[in-house]
Amino acid sequence: MTDIRKDSVSFHLIDESEAGQRIDNYLTRQLKGVPKSHVYRILRSGEVRVNKGRIDASYRLNAGDEVRLPPVRVAVREEKFVPAGHFPVVYEDEALLVIDKPSGVAVHGGSGVSFGVIEQLRKARPEARYLELVHRLDRDTSGLLMIAKKRSALVKLHEMIRNDVPQKRYFALGLGAWPQAERHVKLPLHKWDTPNGEKRVRVEEGGQYAHTIFSIEERFADFTLVEAWLKTGRTHQIRVHMQAMGCPIAGDERYGDFTANRDLTRHGLKRMFLHAHNLKLPHPLSGEPLDLEAPLPPELMTFIELLRKENAI
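Numbers given in the working numbering equal positions in the sequence shown, counted from 1, plus 1039.
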């Protein structure tokens, strides 16, 4: 890591995509490598100015504002190699991008992962002024993933998610028989960290409210294909709810049946059988209803066909 001194004052004109955010958040993004303590220091001292006037950290930017940034010392990290990523596009316009994320790809870098979908998309689209994740999918989960192309779209989508507006449905293959044709599972979830820093979730009284609606798509001798409709969006919600119901997801290395998973690998299932296949929501800017689909990927469809043949024998 090296320190680079930006010796000259710079001026930035705020456009519509940047309007509405707090000045402290804007500075944190603009001055990557500058400690937050220093960001607040230059705000308090009046070195940062908007339209030639002093402002405090809570000031919200407006389109057309001129922001004056003082000289700062920026810590610059050596950039890690990020390959450009091209993913199947399910929907795209000027505000929203929805892709079909493959299994095995993290949505962002961190926790031992150098890069993820968002970093690869930014590399592949250098002309894009704004690309931000709207929500997350687990690394081993495939399916529909939303990326905002405008800040106004991101803000609206986050508001919709807080109000449980988007309808997100997943296909999951459970080990064993699901107890009934349709079931509302409302088990509270508690998130905790293992000694080595891994995120884990368990059913625990006093945990966060979590609600999943399960319906049976197809029964097999030793498995049940279900559709899971998320009514809340907690970490690992479907995985832990299925584990708690005695029907863990096939191939789930964290909450599944480890002995059965080894056997499934030998039979061709080398990933977790969880896929975000349907997404319904109003468009964040126009309000137009969106109903998006991502079919089961070939490796999961192949395994289902294998189970169907075994059932027919």
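Note that beta-carbon positions come from the ideal geometry of N, C-alpha and C, so glycine has one too. The structure displayed is predicted, hence computed values, not measured ones.
Fewer than three pairs of CB atoms, one per stretch, sit closer than 8 angstroms, so the segment 1302-1310 makes no contact with the segment 1235-1252. For residue 1186, the beta-bridge partners assigned by DSSP are 1136 and 1172. Residue 1064: not part of any beta strand (DSSP E); member of the alpha helix (DSSP H) spanning 1062-1069, first to last residue. Along the length of the segment 1246-1282, whole beta strand (DSSP E) runs at least 3 residues long occupy 1251-1258 and 1262-1269, reported in chain order. Cβ-Cβ distances below 6 angstroms link residue 1257 to 1264 in the same chain, with the five nearest sequence neighbours on each side left out; the list follows chain order. By the C-beta criterion, the segment 1128-1136 is judged to be in contact with the segment 1323-1340, since at least 3 inter-stretch pairs fall below 8 angstroms.
Three or more Cβ pairs closer than 8 angstroms define a contact, and the segment 1173-1189 meets that threshold against the segment 1133-1144. Rounded to whole angstroms, the separation of the alpha carbons of residue 1222 and residue 1062 is 46 angstroms. Cβ neighbours of residue 1303 within its own chain (closer than 7 angstroms, five residues either side excluded): 1289 and 1290. Residue 1232 is bridged by DSSP to 1238. Here residue 1275 is buried: its Cβ has 16 or more other Cβ atoms, across all protein chains shown, within 10 Å. Here DSSP, grouped into helix, strand and coil, assigns residue 1328 to strand. Secondary structure note for residue 1309: it is in no beta strand (DSSP E), with a DSSP letter that is neither H nor E. The shortest C-alpha to C-alpha distance from residue 1059 to any of 1158, 1262, 1103 and 1184 is the one to 1103.
Excluding five sequence positions before and after residue 1054, the CB atoms of its chain that fall closer than 8 angstroms to its own CB belong to 1102, given in chain order. Residue 1088 and residue 1081 have their C-alpha atoms spaced approximately 10 angstroms apart. For residue 1079, the enclosing alpha helix (DSSP H) stretches over residues 1075-1083. The shortest CA-to-CA distance from residue 1327 to any of 1205, 1166, 1095 and 1075 is the one to 1205.
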